[in-house]
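**Student:**
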Amino acid sequence: MQLDPPLTVAAVGGANMVCSEVACMDVSIRTATGLVSLRAVDCLERDTDEPEFQLGQRTMQSLGIDACGRWNN
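Under the working numbering, the first residue of the sequence shown carries the number 25, and numbering increases by one thereafter.
1) Please go through the same chain and pick out, in chain order, the residues whose beta-carbon is closer than 7 Å to the beta-carbon of F77, but skip the five residues on each side of it.
2) Using a threshold of 9 Å, state whether the C-beta atoms of V51 and V36 are closer than that.
3) Check M84 in the structure and name its three-state DSSP category.
4) Please go through the same chain and pick out, in chain order, the residues whose beta-carbon is closer than 6 Å to the beta-carbon of R63, but skip the five residues on each side of it.
5) Going straight from the alpha carbon of Q85 to that of S61, what length do you get?
Here it is in structure tokens:
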């Protein structure tokens, strides 16, 4: 889905990225404790040629991971 206007988001390290589309995806993440499957995750599409994507802060927090990379108790 197109974002109008495009959204500017802050990436890790403070760089700003422009996102012009959002996609709803089912995502599987392999972790040290096993496979984690997430359904209907909204993913912003970055305007770059890079093949990977990053999970947003809200998605990471729902997994118990804070923005600094520490596990929540």
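Note that beta-carbon positions come from the ideal geometry of N, C-alpha and C, so glycine has one too. Given the structure is predicted, the values throughout are model-derived calculations rather than measurements.
**Tutor:** Concretely, from the data shown:
1) By 1-based counting over the sequence shown, the position of residue 77 is 53. Cβ neighbours of F77 beyond the five flanking positions: C67.
2) On the sequence shown, residue 51 is found 27 positions in, with the first residue counted as 1. On the sequence shown, residue 36 is found 12 positions in, with the first residue counted as 1. Against a cut-off of 9 Å, the Cβ pair of V36 and V51 comes out as no contact.
3) On the sequence shown, position 60 is the one that residue 84 refers to. Helix, per DSSP.
4) Residue mapping note: residue 63 aligns to position 39 of the sequence shown, counting from 1. Here the set comprises D50.
5) Against the sequence shown, residue 85 aligns to sequence position 61. Against the sequence shown, residue 61 aligns to sequence position 37. Going by the C-alpha atoms only, they are around 15 Å apart.
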